[in-house]
Amino acid sequence: MPPTTRDEIPPGTLDLLILKTLYRHKELHGFQIANAIQTLSQDILQVEEGSLYPALQRMFLKGWLNANWGKTPENRRARFYTLSNEGRKQLARELARYGRVSEAIGRVLEPA
Amino acid sequence: MSTFFRRLKLLFARDKYLADLEAEMLLHRHLRADSLAEQGLDADQAAASAQRRFGNTTMLQEDSHNMLTWNLLEDLLKDLRYSIRSLFANPLFAVVAILTLALGIGANTAIFSVINAVLLRGLPVSHPEQMVYLHVEPGQPDGAGNTGNSDSSFSEYVFEQLRTQNKSLSSLIAYVPLGENKIAVRLGPIPEEASVEMVSGNFFSGLGTGTSCGRALSLADEKDHTAVAVLSYGYWNRRLASDCSVVGQTIYIKGNPFTIVGVGAKGLTGVESIPTDVWVPLQISPALNAWGSQTKNYYADPLWWCLRLVGRVAPGVTPQQAEAQLASVFSRAAYEHLGGKPKPGEEKRKLLLVPAKGLGEEAEGYKDPLLMLLAIVGVILAIACGNVALLLAARNSNRRREFSIRLAIGGSQSRLFRQLLAESLVLSLAGALLGWLFAVAFTSALAKWSGMEISLAPDRSVAFFTCSVMVAIALIFGLAPLLTVRRVPVGLALKDSSATAFQEKSRSRSSRLIVVAQVALGLVLAVSAGLLTRSLRNLEHANLGLNADGLLVFGLSPQLKSPSQETTLNFYSGLLERLRSLPGVRGVTMMGNRIGSGWSNNTTPVLDGMKPTNRGRAGMRWNDVGSDFFKTLQVPVLQGRDFLDSDSATAPKVAIVNQTFVNRFLKGREVLGHLVSYSSKTPFTIVGVVNDSKYTGIREEAIPMAYFPFSQMQEVGDMHVEVRTAGEPAAFLPQVRKTVASLAPDLALLQPMTQRAQFDASIDQERLISRLSLFFGGLAILLVASGLYGTLAYGVSRRTSEFGVRMAIGCERPQLLWMVLSEGLRLSALGLLIGIPIAVAAARWLGSSLFGLQAIDPLTFAIAAGGIFLVCLVAGLIPAYRAASIDPIRALRYE
Chain A
1 MPPTTRDEIP
11 PGTLDLLILK
21 TLYRHKELHG
31 FQIANAIQTL
41 SQDILQVEEG
51 SLYPALQRMF
61 LKGWLNANWG
71 KTPENRRARF
81 YTLSNEGRKQ
91 LARELARYGR
101 VSEAIGRVLE
111 PA
Chain B
113 MSTFFRRLKL
123 LFARDKYLAD
133 LEAEMLLHRH
143 LRADSLAEQG
153 LDADQAAASA
163 QRRFGNTTML
173 QEDSHNMLTW
183 NLLEDLLKDL
193 RYSIRSLFAN
203 PLFAVVAILT
213 LALGIGANTA
223 IFSVINAVLL
233 RGLPVSHPEQ
243 MVYLHVEPGQ
253 PDGAGNTGNS
263 DSSFSEYVFE
273 QLRTQNKSLS
283 SLIAYVPLGE
293 NKIAVRLGPI
303 PEEASVEMVS
313 GNFFSGLGTG
323 TSCGRALSLA
333 DEKDHTAVAV
343 LSYGYWNRRL
353 ASDCSVVGQT
363 IYIKGNPFTI
373 VGVGAKGLTG
383 VESIPTDVWV
393 PLQISPALNA
403 WGSQTKNYYA
413 DPLWWCLRLV
423 GRVAPGVTPQ
433 QAEAQLASVF
443 SRAAYEHLGG
453 KPKPGEEKRK
463 LLLVPAKGLG
473 EEAEGYKDPL
483 LMLLAIVGVI
493 LAIACGNVAL
503 LLAARNSNRR
513 REFSIRLAIG
523 GSQSRLFRQL
533 LAESLVLSLA
543 GALLGWLFAV
553 AFTSALAKWS
563 GMEISLAPDR
573 SVAFFTCSVM
583 VAIALIFGLA
593 PLLTVRRVPV
603 GLALKDSSAT
613 AFQEKSRSRS
623 SRLIVVAQVA
633 LGLVLAVSAG
643 LLTRSLRNLE
653 HANLGLNADG
663 LLVFGLSPQL
673 KSPSQETTLN
683 FYSGLLERLR
693 SLPGVRGVTM
703 MGNRIGSGWS
713 NNTTPVLDGM
723 KPTNRGRAGM
733 RWNDVGSDFF
743 KTLQVPVLQG
753 RDFLDSDSAT
763 APKVAIVNQT
773 FVNRFLKGRE
783 VLGHLVSYSS
793 KTPFTIVGVV
803 NDSKYTGIRE
813 EAIPMAYFPF
823 SQMQEVGDMH
833 VEVRTAGEPA
843 AFLPQVRKTV
853 ASLAPDLALL
863 QPMTQRAQFD
873 ASIDQERLIS
883 RLSLFFGGLA
893 ILLVASGLYG
903 TLAYGVSRRT
913 SEFGVRMAIG
923 CERPQLLWMV
933 LSEGLRLSAL
943 GLLIGIPIAV
953 AAARWLGSSL
963 FGLQAIDPLT
973 FAIAAGGIFL
983 VCLVAGLIPA
993 YRAASIDPIR
1003 ALRYE
């Protein structure tokens, strides 16, 4: 069972997390993406695992991801996702936006 | 690849997409369960926990699924449903808007149906786009004669050569009527008239149409000149109540028995605008000659060009290629009997292939008036759209509070915009449907009125036209609400509406713009209608140069057992004698071409053995007429004498010319005694000069005319008889019929009518155009007035409280009245000012079709502008009066 409290991912950042994860790992299937986000965030951020899939579909439709069927190390059929060029550009855009937003929030929260 | 295409692709591979997704999600749960099991949970617990962490699988699948389906259709349906509901909520608005649009769209659909039928539609045959008419430019070679239109008549010899030596036409069909008009046929005891054509044997196979009963004609029928006939579907339906047992019966054509072998396909009325009733194979008997000619024989005479040709271009061959291929065959055949080549100075004749569309060459005369009508109804539609735009603007402006609330509680602008677009779509759809019904009613009434047997009813291409108009209108009205929506501030709902008065300004500015444009367009239509109406009045009261009242006219096509010049002349003189002795008959005469019917003989005269040298103005018309011609028609004889019974075939050949002939060719010289001829053959001595009188129709300009005794012609065929009666001419018809029957029982009177009606028929087209333009002009003014009224009335209702305040602080009622009225008058004056130059341009365009008045006719312009101003004054007075009668106390409580 969860060792520490887990926080929901702030709305709107799931895309960013997926993009960034795929950027680091090159090629992952859905389960690996969910695990990777948890691991990287040191188990603090928890993806509601199912919601990953509609997000992946949406991003695929937008052309940010490529998807190919392949075999897992356990020899099971899985769909592997990689970043497309458009996806890399989108990552840059999302990162910039995230930077701006968190900076702004930081400024608001800091005591004057 | 854009998102759109990726989505589209997935939409087509939808099942695979969903299966993939399910497999992916299943794998996830399995892997999670495995990993939990590794951490020590037992298998069941692990699976349950994995499922919990995954969430609601069905809902997630649905989420992904929704991404695929857009929901666009569903939203659209919702929008449409809501629009219909909101239109029902304000039925008066909906009815007025839909009716206005229906009038505009209906008028356009109707006129376009006519244009489609007359100018665009292909023949009712298979692959109509392959059909071409054969034309010869510029008419027959010198030395050859013709009947029919000179640019579309060919000799039988040329037809045979083209038929046997062409490689680019899959079929070439010849056809020619058996008389200039309808001819006498008999099916049962009573003779009647019908239009009968003889055609080459491949007529039906070449057109690719079947038969409704029996068989079609064949090449063998043509070769043997078999006495068989195929009835047209229309004639069979009208005359024989669609009974197939008619096959095998006998129909007498000009007294000759023909066996009916079949009935043509439904819709096939022939290949020309005048519908054919009966088709027979090409005949060789002299009694059944092309155009009913009594002397020339189309089979034997290679210099008589009288057949019309229509061909089907072979698949894969363009008309241009076919034309090029046929050029050498044609020029060899055309000059074969004329010395093998063009005479010196003669323009070489060329064969042209003209796509068979609409009414073919008949269409030329309709083209300009129809385009004019299309322009008129286009303007009507613009005005109607203006009115609906005004209505919509007023309505949407009243709904700003609603929009603002919807935006404030989280509705998106795009959703609101879509909603308004859906409303305009519903409006224009309803308008188009109703307009379609108007158009169907209008075209069937028009077809009945004009006596045209071609179908004017809207068809598929008309439907396409109407749909395009509708979509264009829906889009235009869709753009207007975009502006409305974008300008709605969210906070408006919270504010008092008087605070919004300022924001009304831009809306009312565009409304005023629309009103001004409408007035301008209305003036254009009113001026056009006025000019065309005055032109028609001039035509109706034109001086014909003869007394057309009290004259009965009918045609005769004698069916003599052994037709010869002598027997025909005897028949006619016997008939004249009997008719003259009838009580109440003041005079009887005859003519080869019926006056007022459009038919005429045209030639270059030979005067004293020479052709006149007046370049370009050397033409003359002529007619072969009977004795007492001018006395009977009451045309003043200026010099010399009328024709007499004594001007017989054997007497010295004489001619009478008109005043214009004298002015042009014999100015200042003694006229009587000169020799005139219509060909280089026999000369006729001029024995009289008569006043000019109308020949082809009322519109005819004065032209040199020569009259010859019909008895002295080389050929005497069908004649038209004029009877001057003491009373109503139509009342004499039974007597006349009896007299003709006593002489020739099988002979039908062809197109009997009063001469007045015949002349009236020559301006049918002008009458129709002028009435339609008057109707549309009235409609336009009505729409303009209602637009102005609506705008002013709406303004008054918006400003009720303002007027209340004005009154409360001492504004007099007349001042208020003038305030509102003057705005209306300003708008209409501005519109008229802008409209005048446009109307001048339109009038110039009409110029050539006007009779007896200048395009820039000050009286018409004054009446049109004055009329519109007056109507606008009335339209403005009503809201102005309402403004002036506002009760200040109630007005102030109004909000």
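Line by line, the protein sequences give chains A and B. The numbering of the first sequence is this note's numbering, which starts it at 1 and goes up by one. The numbering of the second sequence is this note's numbering, which starts it at 113 and goes up by one. By construction, the Cβ of each residue, glycine as well, lies at the ideal position given by its N, Cα and C atoms.
**Prompt:** Is the distance from the Cβ of B/F773 to the Cβ of B/P816 below 8 Å?
**Reply:** One-based indexing of the second sequence puts residue 773 of chain B at position 661. One-based indexing of the second sequence puts residue 816 of chain B at position 704. Yes, the pair counts as a contact, with Cβ atoms nearer than the cut-off.
**Message:** Could you compute how far the alpha carbon of B/V373 sits from the alpha carbon of B/L394?
**Reply:** As a position in the second sequence, residue 373 of chain B is number 261, starting the count at 1. As a position in the second sequence, residue 394 of chain B is number 282, starting the count at 1. Their backbone Cα atoms lie some 15 Å apart in a straight line.
**Message:** Excluding the 5 residues flanking A/N66 on each side, which residues of the same chain have their C-beta closer than 6 Å to its C-beta?
**Reply:** Position 66 of the first sequence holds residue 66 of chain A. Cβ neighbours of A/N66 beyond the five flanking positions: T82, S84.
**Prompt:** Which residues mark the beginning and the end of the alpha helix (DSSP H) in which B/A853 is found?
**Reply:** Walking along the second sequence from the start, residue 853 of chain B turns up at place 741. Start and end: 845 to 855.
**Message:** Let's test the definition: count the other Cβ atoms within 10 Å of the Cβ of A/H29 and tell me whether it reaches 16, buried, or not, exposed.
**Reply:** Here residue 29 of chain A is taken as the residue at index 29 of the first sequence, counted from 1. Buried is the call here.
**Prompt:** Is it buried or exposed for B/S676, if we count other Cβ within 10 angstroms and need 16 for buried?
**Reply:** As a position in the second sequence, residue 676 of chain B is number 564, starting the count at 1. The residue in question, B/S676, is exposed, as its Cβ has fewer than 16 Cβ neighbours within 10 Å.
**Prompt:** Helix, strand or coil: how does DSSP classify B/Y411 here?
**Reply:** For the purposes of this step, residue 411 of chain B is taken as the residue at position 299 of the second sequence. DSSP places B/Y411 in coil when its eight states are reduced to three.
**Request:** Check the Cβ-Cβ distances between B/E136 and every residue of chain A, and say whether any is below 8 Å.
**Result:** Position 24 of the second sequence, counted from the start, is the residue given in the question as residue 136 of chain B. Yes, B/E136 lies at the interface with chain A (some Cβ there is under 8 Å from its Cβ).
**Item:** Helix, strand or coil at B/V425 [DSSP, three-state]
**Value:** By 1-based counting over the second sequence, the position of residue 425 of chain B is 313. Three-state result, B/V425: strand.
**Message:** Alpha carbons only, please: which of A/Q57, A/P73, A/F80 is nearest the one belonging to A/L22?
**Reply:** By 1-based counting over the first sequence, the position of residue 22 of chain A is 22. Out of A/Q57, A/P73, A/F80, A/F80 has the C-alpha closest to the C-alpha of A/L22.
**Asked** What whole-angstrom Cβ distance do B/Q746 and B/N655 have, given they're in contact under 8 Å?
**Response** Taking the second sequence and counting its residues from 1, the one referred to as residue 746 of chain B is at position 634. Taking the second sequence and counting its residues from 1, the one referred to as residue 655 of chain B is at position 543. Contact doesn't hold; Cβ gap of about 12 Å is too wide.
**Message:** As an exercise, report each continuous alpha helix (DSSP H) stretch of at least 4 residues that is fully enclosed by the segment 477 to 536 of chain B, in chain order.
**Reply:** 512 to 520
**Message:** Measuring alpha carbon to alpha carbon, tell me which residue in B/A730, B/L625, B/E174, B/I210 is nearest B/F777.
**Reply:** Mapped onto the second sequence, residue 777 of chain B falls at position 665. Cα-wise, what sits closest to B/F777 is B/A730.
**Prompt:** Is it right to say B/V986 is buried, meaning 16 or more other beta carbons lie within 10 angstroms of its own, or is it exposed?
**Reply:** Against the second sequence, residue 986 of chain B aligns to sequence position 874. Exposed, since its Cβ has fewer than 16 Cβ neighbours within 10 Å.
**Spatial distance of B/A860 from B/E304 (CA atoms)** = Along the second sequence, one-based indexing puts residue 860 of chain B at 748. Along the second sequence, one-based indexing puts residue 304 of chain B at 192. Cα to Cα, the separation comes out at about 6 Å.
**Item:** Element boundaries [beta strand (DSSP E), containing B/T837]
**Value:** In the second sequence, the residue the question calls residue 837 of chain B occupies position 725. Where B/T837 is concerned, the enclosing beta strand (DSSP E) stretches over 831 to 837.
**Request:** Under 8 Å Cβ to Cβ from B/P101, same chain only, skipping five residues before and after it: list those, please.
**Result:** Given a span of 113 to 1007 for chain B in the structure shown, any question on residue 101 of chain B remains unanswerable.
**Item:** Three or more C-beta pairs below 8 Å linking the segment 684 to 692 of chain B and the segment 895 to 914 of chain B
**Value:** no
**Request:** Give the DSSP-derived three-state secondary structure of B/Q252 in the structure shown.
**Result:** Here the question's residue 252 of chain B lines up with position 140 in the second sequence. Looking at B/Q252 - three-state DSSP - the assignment turns out to be coil, as it is neither helix nor strand.
**Message:** Using 8 Å as the cut-off, can you tell me whether the segment 930 to 947 of chain B makes contact with the segment 624 to 638 of chain B, which would need three or more C-beta pairs spanning the two stretches below that distance?
**Reply:** Under the three-pair Cβ rule at 8 Å, the segment 930 to 947 of chain B counts as touching the segment 624 to 638 of chain B.
**Request:** List the endpoints of the continuous beta strand (DSSP E) containing B/M825.
**Result:** For the purposes of this step, residue 825 of chain B is taken as residue 713 along the second sequence, with counting starting at 1. Neither: B/M825 is in no beta strand (DSSP E) and is coded neither H nor E.
**Request:** Flag A/A36 as yes if its beta-carbon sits less than 8 Å from any beta-carbon of chain B, otherwise no.
**Result:** Start at 1 with the first residue of the first sequence, and residue 36 of chain A comes out as number 36. At least 8 Å separates the CB of A/A36 from every CB of chain B.
**Prompt:** Taking just the CA atoms, how far does B/Q867 sit from B/I210?
**Reply:** Looking up residue 210 of chain B in the second sequence gives position 98. Looking up residue 867 of chain B in the second sequence gives position 755. The alpha-carbon atoms of B/I210 and B/Q867 are separated by roughly 46 Å.
**Message:** So A/S51 contacts chain B; which residues on that side make the cut at Cβ distance below 9 Å?
**Reply:** Along the first sequence, one-based indexing puts residue 51 of chain A at 51. Residues of chain B passing the Cβ test: G167, L172, D175.
**Request:** Provide the residue(s) that pair with B/R444 in DSSP beta bridges, ordered along the chain.
**Result:** Walking along the second sequence from the start, residue 444 of chain B turns up at place 332. Bridge partners of B/R444: none, in fact.
**Prompt:** The beta strand (DSSP E) with A/N68 in it runs from where to where?
**Reply:** As a position in the first sequence, residue 68 of chain A is number 68, starting the count at 1. 65 to 71 is the extent of the beta strand (DSSP E) around A/N68.
**Request:** Quick one: using the 10 Å Cβ neighbour count with 16 as the cut-off for buried, is B/C579 buried or exposed?
**Result:** Position 467 of the second sequence, counting from 1, holds the residue named residue 579 of chain B. Here B/C579 is exposed, its C-beta having fewer than 16 other C-beta atoms within 10 Å.
**Prompt:** Excluding sequence positions up to five away, which residues of its chain have a Cβ less than 8 Å from the Cβ of B/S195?
**Reply:** The sequence position of residue 195 of chain B within the second sequence is 83, counting from 1. Same-chain partners within the cutoff: Q531, A534, E535, L537, V538.
**Request:** Report the residue from B/D571, B/P414, B/F370 whose alpha carbon sits nearest the alpha carbon of B/A229.
**Result:** In the second sequence, residue 229 of chain B corresponds to position 117, counting from 1. Nearest option by C-alpha distance: B/D571.
**Item:** Proximal residues to B/G785 (C-beta, below 7 Å), its chain only, five neighbours per side dropped
**Value:** Stepping through the second sequence from its first residue, residue 785 of chain B is reached at position 673. In chain order, T797, I798 place their CB closer than 7 Å to the CB of B/G785, counting only its own chain and leaving out the 5 sequence neighbours on each side.
**Message:** Against chain C, with Cβ distances strictly below 8 Å, would B/R424 count as a contact?
**Reply:** The structure shown has no chain C; the protein chains it does contain are A and B.
**Continuous alpha helix (DSSP H) assignments of at least 4 residues falling wholly in the segment 875 to 944 of chain B** = 876 to 910, 912 to 920
**Item:** Contact check, B/Q863 vs B/N368, beta carbons under 8 Å
**Value:** Taking the second sequence and counting its residues from 1, the one referred to as residue 863 of chain B is at position 751. Taking the second sequence and counting its residues from 1, the one referred to as residue 368 of chain B is at position 256. For B/Q863 and B/N368, no; Cβs fall outside 8 Å.
**Asked** CA-CA distance, A/K26 and B/K190?
**Response** Stepping through the first sequence from its first residue, residue 26 of chain A is reached at position 26. Stepping through the second sequence from its first residue, residue 190 of chain B is reached at position 78. If you take the alpha carbons of A/K26 and B/K190, they lie about 44 Å apart.
**Prompt:** By the criterion of Cβ-Cβ separation under 8 Å, what are the contact partners of A/F31 in chain B?
**Reply:** By 1-based counting over the first sequence, the position of residue 31 of chain A is 31. Listed by position along chain B, the residues whose Cβ is nearer than 8 Å to that of A/F31 are L139, H140, L143, R144.
**Prompt:** Which of the three DSSP states, helix, strand or coil, is assigned to B/T725?
**Reply:** Residue mapping note: residue 725 of chain B aligns to position 613 of the second sequence, counting from 1. In the structure shown, B/T725 sits in coil (DSSP, three-state: anything other than H, G, I, E or B).
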